[in-house]
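If you read the sequences in order, they're chains A and B.
Be aware that the first sequence starts at 1, since it is given in the numbering used here, and climbs by one per residue.
Be aware that the second sequence starts at 124, since it is given in the numbering used here, and climbs by one per residue.
Where is the CB? At the ideal position from N, CA and C, for every residue including glycine.
There are 2 protein chains.
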Amino acid sequence: MKRKTNQRNAIQEVFRKIDRPLGINEILETGRRTVESLNQATVYRNLKILVERGWLKKINTPERGALYERAGKEHHHHFQCRQCDRLFEISGCAFNEQSSTPPGFITEDHEVYLYGICSSCRD
Amino acid sequence: MKRKTNQRNAIQEVFRKIDRPLGINEILETGRRTVESLNQATVYRNLKILVERGWLKKINTPERGALYERAGKEHHHHFQCRQCDRLFEISGCAFNEQSSTPPGFITEDHEVYLYGICSSCRD
DNA sequence: GCGTTATTGCAAAAGTATTTGCATTATCCA
DNA sequence: TGGATAATGCAAATACTTTTGCAATAACGC
């Protein structure tokens with residue numbers, strides 16, 4: 001990554017504007033509002049670069065596959081709406097790793113996914 | 124599903140013998156120890172049948188994609204070993220859905236994945 | 001045991017997600 | 001303001017996972 005491009009900029013803009021984990025299509029479609037010609041391959045290439053650079057984090061979700069969110073956030077979990085399928089970040093963590101770990105096992109990390117209806121779909 | 128076959132039987136036997144969520148390859152390979160000719164398409168077809176029949180449950184995991192486990196178990200979570208990649212069932216649930224749900228959202232369900240080292244890999 | 005037909009095995013096809021080759025375009029530094 | 005070359009767009013190629021068509025096989029009711 002040695003040059004600034006409108007494309008990469010548009011991709012980053014998408015994440016600054018929409019604060020939740022995004023999939024390739026959502027990034028592509030939203031990014032195209034800024035750079036009409038934005039191409040899927042370009043999105044993939046830039047996502048990879050932005051992850052390497054530590055600007056994005058790739059997360060694998062059970063239901064929606066690979067999504068990307070801004071890196072550097074505190075430990076948090078996710079909520080997936082069953083109506084709109086969007087994934088939301090849930091701040092904080094009320095989960096006790098230790099008490100759930102089976103005897104003899106060593107837990108290093110954990111992820112929690114909530115499923116239900118988001119506030120805007122509930123209205 | 125109107126006839127008993129050695130193939131389906133072998134597949135069910137795999138789940139009776141190995142009590143943790145299994146992927147297609149593991150099912151196929153283990154099943155072949157009983158029915159040598161066991162084919163991938165047969166496994167897929169039978170998994171579908173066994174899920175419909177309520178004997179198996181399909182779970183989508185973040186790291187390992189679709190896995191199958193015996194249906195009818197109580198609410199539980201999963202532990203994935205970073206060494207052997209196997210997924211284990213964790214009985215019980217110490218997670219408080221309510222306290223983690225953002226205002227305005229409605230949580231209907233949740234999943235927890237722990238990551239670390241399983242007891243047999245730790246030895 | 002025999003015949004009907006559910007099941008299987010095999011290979012090809014289909015559905016997704018992601019990557020890559022290459023000609024064209026656009027950055028940006030001398 | 002060129003020019004070197006990073007980055008893009010496009011289409012084809014990969015890489016998986018799952019499904020399907022079809023001939024061969026095997027259950028099981030009579």
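Query	Result
Between the CA atoms of residue 142 of chain B and residue 69 of chain A - distance to the nearest angstrom	35 Å
Residue 3 of chain A classed as buried or exposed, judged by whether at least 16 other C-beta atoms fall within 10 angstroms	exposed
CA-to-CA distance, residue 163 of chain B to residue 133 of chain B, given in whole angstroms	13 Å
Start and end residues, beta strand (DSSP E) containing residue 237 of chain B	229–240
For residue 95 of chain A, the nearest candidate out of B:159, B:154, B:204 and B:200 (CA to CA)	B:200
Helix, strand or coil at residue 150 of chain B [DSSP, three-state]	helix
Boundaries of the alpha helix (DSSP H) in which residue 169 of chain B is found, first to last residue	163–175
Chain A contacts from the stretch 143–172 of chain B (Cβ-Cβ distance under 8 Å)	none
Residue 84 of chain A burial status per 10 Å Cβ neighbour count (16 or more: buried)	exposed
C-beta neighbour in chain B for residue 136 of chain A, strict 7 Å	Missing from the structure shown is residue 136 of chain A; chain A here goes from 1 to 123 and no further.
Proximal residues of chain B, C-beta to C-beta of residue 10 of chain A below 7 Å	Residues of chain B passing the Cβ test: none, with the nearest at roughly 28 Å.
Distance, residue 30 of chain A Cα to residue 153 of chain B Cα	46 Å
Endpoints, beta strand (DSSP E) assigned at residue 66 of chain A	65–70
Opposing strand residues paired with residue 203 of chain B [DSSP bridges]	B:210 and B:238
Three or more C-beta pairs below 8 Å linking the stretch 58–73 of chain A and the stretch 101–110 of chain A	no
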